[in-house]
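Working notes, structure below.
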Amino acid sequence: MPSCYRASLFALAAFATAVGIAGCTAVAGGAAATGALMAEDRRTPSTYLMDEEIELKAASRLREQAIEGVHVNFTSFNRRLLLTGEVPTTSVKGRVADLARTLPNVREIANELVLGVPTSLTSRSNDGYTTAKVKTRFLDDNRFNALHVKVVTENDVVYLMGLVKHAEANAAAETASRVSGVRRVVKVFEYTD
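The opening residue of the sequence shown carries number 676 in the working numbering; numbering runs sequentially from there.
Right, here's the structure in full:
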């Protein structure tokens, strides 16, 4: 893969991560960029947009609840919602999961919330950098289409989502596990074979 292409994707990943760290869940990269990503995506365009809507609604509803001492990320892929972050108690963990269950169009929830204090901005920034390193390694290794795997990092744990074949999932997990700073890899894939 040409280094200019790899550098452009790395820059895009870093930008998207920086915007996410600032608290925004939607990246306005323009219709052309969204269209290009959707063209490579194995989800239907309507499911792709539904996933974006699920994430926005989940974050909005959590803000409405005004729960103290939480840091929660909502990541939807093919209407499967991954919950990551930190919550103070098992009761709050259950409340967040219950909130997620009320969202329209969510067909499955993977609750990976952990008990603890919210991570620092430094930790979140490091997680964003780790995500960018994993995505770059995917491109460098060229063992599968990197656009088919969504990468989420929370407190040095890398979560992998996507509609993939078992061989692609295993290659992605193995590749991610070799990236410095990755403590653990969790597969949250949906398999096509």
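Don't be surprised by glycine CBs; every beta carbon is placed ideally from N, CA and C. This one's a predicted model, so the numbers in the text were calculated from it and none came from an experiment.
Can you tell me which of the three DSSP states THR719 falls into? Looking at THR719 - three-state DSSP - the assignment turns out to be coil, as it is neither helix nor strand.
Supposed contact pair VAL833 and ALA851 - C-beta distance, whole angstroms, cut 8 Å: Contact between ALA851 and VAL833 holds: CB atoms are separated by about 5 Å, below the 8 Å threshold.
Contact check, ASN786 vs ALA772, beta carbons under 9 Å: Taking 9 Å as the Cβ cut-off, ASN786 and ALA772 qualify as a contacting pair.
Is it buried or exposed for ARG859, if we count other Cβ within 10 angstroms and need 16 for buried? Exposed, because fewer than 16 other Cβ atoms sit within 10 Å of the Cβ of ARG859.
Among THR867, LYS808, ARG818, which one has its Cα closest to the Cα of THR828? The shortest Cα separation from THR828 among THR867, LYS808, ARG818 belongs to LYS808.
For VAL774, the first and last residue of its enclosing alpha helix (DSSP H): Note that residue 774 is Leu in the sequence shown, not Val. DSSP places LEU774 in the uninterrupted alpha helix (DSSP H) bounded by 765–776.
Got a sec? Which residues, its chain only, sit under 6 Å from THR805 by beta carbon, not counting five neighbours each side? So the list reads THR828, GLY856, once near-sequence residues are dropped.
Consult DSSP for LEU838 and reduce its assignment to one of helix, strand or coil. Reduced to three states, the DSSP call for LEU838 is strand.
Whole-angstrom distance between THR797 and GLN740, CA atom to CA atom: Cα-Cα distance, rounded: 26 Å.
Below 8 Å on the Cβ atoms is my contact criterion, and I expect LEU822 with ASP716 to pass it. Report the Cβ-Cβ distance as a whole number of Å. Right, the Cβ-Cβ distance comes to about 7 Å (below 8 Å), so this counts as a contact.
On the three-state DSSP scale, how would you describe ALA844? Of the three classes helix, strand and coil, the one that applies to ALA844 here is helix, per DSSP.
Have a look at the DSSP bridge pairing and note the partners of ASN786. The partner list for ASN786 (beta bridge, DSSP) reads LEU758.
Report the three-state DSSP secondary structure of ARG736 (helix, strand or coil). ARG736 falls in the helix class under three-state DSSP.
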